[in-house]
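Residue numbering for the sequence shown follows numbering that gives the first Met the number 0, beginning at 0 and increasing consecutively.
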Amino acid sequence: MSGKAGLRPGTRAVHAGLNPAENLCAVTAPIYQSATFVAADTEELMAINTGARRGFVYSRVRNPTVMAAEQRVASLEEAQSAVLYASGMAAIAGAMAPFLKAGDGVVALPEVYGGTAKYFRDVLPAQGVTVTWARDLTPGAVADCIGSMTRIIYVETPTNPLVRVVDLAAMSELAREKGLMLVVDGTLGSPMNQRPLALGADLVVHSASKYLNGHGDLIIGAVCGSRDLTRKLRSHQQASGAIVDPHAAWLLMRGMATYALRIAQHNTSGQKVAEFLAAHPAVTCVHYPGLPDHPDHALACRQMTGFGGLLAFEMRTPEAAQAVVDRTRLFGIGPSIGGVESLISQPGNTSHFSVPADERRKMGISDSLVRISVGIEDAEDLIADLSQALEVCE
Numbered sequence: 000m001s002g003k004a005g006l007r008p009g010t011r012a013v014h015a016g017l018n019p020a021e022n023l024c025a026v027t028a029p030i031y032q033s034a035t036f037v038a039a040d041t042e043e044l045m046a047i048n049t050g051a052r053r054g055f056v057y058s059r060v061r062n063p064t065v066m067a068a069e070q071r072v073a074s075l076e077e078a079q080s081a082v083l084y085a086s087g088m089a090a091i092a093g094a095m096a097p098f099l100k101a102g103d104g105v106v107a108l109p110e111v112y113g114g115t116a117k118y119f120r121d122v123l124p125a126q127g128v129t130v131t132w133a134r135d136l137t138p139g140a141v142a143d144c145i146g147s148m149t150r151i152i153y154v155e156t157p158t159n160p161l162v163r164v165v166d167l168a169a170m171s172e173l174a175r176e177k178g179l180m181l182v183v184d185g186t187l188g189s190p191m192n193q194r195p196l197a198l199g200a201d202l203v204v205h206s207a208s209k210y211l212n213g214h215g216d217l218i219i220g221a222v223c224g225s226r227d228l229t230r231k232l233r234s235h236q237q238a239s240g241a242i243v244d245p246h247a248a249w250l251l252m253r254g255m256a257t258y259a260l261r262i263a264q265h266n267t268s269g270q271k272v273a274e275f276l277a278a279h280p281a282v283t284c285v286h287y288p289g290l291p292d293h294p295d296h297a298l299a300c301r302q303m304t305g306f307g308g309l310l311a312f313e314m315r316t317p318e319a320a321q322a323v324v325d326r327t328r329l330f331g332i333g334p335s336i337g338g339v340e341s342l343i344s345q346p347g348n349t350s351h352f353s354v355p356a357d358e359r360r361k362m363g364i365s366d367s368l369v370r371i372s373v374g375i376e377d378a379e380d381l382i383a384d385l386s387q388a389l390e391v392c393e
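Right under this line is the structure:
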């Protein structure tokens, strides 16, 4: 089953990309841990190579387990196709590399993941690609940056860690008007809460290590889009070798089976924790689009069906922020998001550690900011833990 029309996301998360009849009736996808596949004869080998016959030759080119996982991701995103990569950062690089050459330009929004900012700051310029940062998250700010050599608009929404929401319909309209590609990092939105392709994006990128896998035991990335575009991505990937191991693909399928249940819990608990923090006297600001005073609340209500499990909040001083992080008991102190376990950190020490301090401040990331990835634990227990941690600041 590759994701039939009419099935709901929770069902597709369990069944898409797997046909038991083709896998000895196994209820879970087998791990085809093989580098090479043999053909009956030269004629069959050439038929597979040319695409005249379905089959497998070499796992750097095509592997059954990886293909099944790609079909499941594509089904959740309601995309024609998906390509898996060795990491989320490999997916970001892979989404753009086939469409850029020296002399081309990318316009990026100013709020992006720290690893993305490093890639745009250090890697693309070294390849002769100019990166222009828009002054804010609006289409008007992006339009002001577009030049004759611009090829791609790059957007992250919601953003990490300030959870700002970008108007994808408006950004897609601008991209079409200018003849540009729109690439969207939809990791925080996840397919259950937001579908960039349906809003006009050309490609959507996921750090699938996060909500899609959800168990904190896997580094993997994904890019979804039309077959015409993903065919180019796959060709570049096969040449560059940024492929996924079959066992990693199997772990992703295992994680996606519970995806719909996990996202529902992330949404519910994220809202409860955000409301608790917003009412706490020691907290000066909470960044969560589910709150009515969030600057993008109305847009998020139109564009998203849930607000997710990531939020950030401001303390009065960096010392107070560190004290809260260190006093928590249920929250693990560490990077990453989207797992079943709740994590807490100061972005300057984790997700944006590679971004120079002055650039972090320009992005609105202060040393007093605390980021929380709300897991699937009982929300009341998480709130009780935060409450005792915040006592030191009262």
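Beta carbons are placed, not taken as given, at the ideal position from N, Cα and C, and that holds for glycine. Small disclaimer: the values here were computed from a predicted structure and weren't measured.
Spatial neighbours of residue i within its chain, please: CB distance less than 6 Å, with the 5 preceding and 5 following residues excluded, ordered by chain position.
i, result
"Lys177", "Ile145"
"Phe36", "Phe55 and Val56"
"Met66", "none"
"Ser58", "Ala34"
"Val111", "Glu155"
"Asp384", "Thr327, Arg328 and Leu329"
"Gly254", "Asn212, Gly213 and His214"
CB-CB under 7 Å to residue i, same chain, minus the five flanking residues each way: which ones, in chain order?
i, result
"Asp201", "Met180, Leu181, Val182, Gly224 and Leu228"
"Trp132", "Ala107 and Pro109"
"Ser386", "none"
"Ala277", "Val285 and Leu290"
Which residues mark the beginning and the end of the alpha helix (DSSP H) in which residue i is found?
i, result
"Ile382", "Ala378 to Leu389"
"Glu43", "Thr41 to Thr49"
"Gly5", "Note, Gly5: premise wrong, no alpha helix (DSSP H); not H, not E."
"Gly87", "Gly87 to Met95"
"Ala101", "Ala101 -> no alpha helix (DSSP H), and no H or E assigned at all."
"Glu21", "Per DSSP, Glu21 belongs to no alpha helix (DSSP H) and is neither H nor E."
"Pro160", "Per DSSP, Pro160 belongs to no alpha helix (DSSP H) and is neither H nor E."
"Thr27", "First-last for Thr27: undefined, no H or E at that position."
"Ala356", "Ala356 to Lys361"
"Leu17", "Note, Leu17: premise wrong, no alpha helix (DSSP H); not H, not E."
Using the beta-carbon count (16 or more within 10 Å), is residue i buried or exposed?
i, result
"Asn18", "exposed"
"Thr115", "buried"
"Ile91", "buried"
"Gln126", "exposed"
"Pro124", "exposed"
"Ile262", "buried"
"Met45", "exposed"
"Ile336", "buried"
Just to confirm the assignment, what range does the beta strand (DSSP E) spanning residue i have?
i, result
"Ser372", "Leu368 to Ser372"
Sort out for me which residues DSSP pairs residue i with in a bridge.
i, result
"Ala81", "Cys223"
"Val106", "Thr131 and Ile152"
"Tyr57", "Thr35"
For residue i, which residues from the same chain have a beta carbon less than 8 Å from its beta carbon, with the 5 sequence-adjacent residues on both sides left out?
i, result
"Gln270", "Tyr287, Gly289 and Phe306"
"Thr149", "Asp103, Gly104, Val105, Val106, Thr131, Lys177 and Leu179"
Would you list, in sequence order, the uninterrupted beta strand (DSSP E) runs of no fewer than 3 residues that lie entirely inside the stretch 178-259? Taken in chain order, the complete beta strand (DSSP E) segments of 3 or more residues contained in the stretch 178-259 are 180-184, 202-205 and 220-224.
Can you check the stretch 108-138 for any alpha helix (DSSP H) of at least 4 residues that lies completely inside it and give the ranges in chain order? Whole alpha helix (DSSP H) segments, 4+ residues: 113-117.
Those runs of the alpha helix (DSSP H) which lie wholly inside the stretch 262-349 and span at least 4 residues: Runs found: 296-302 and 317-326.
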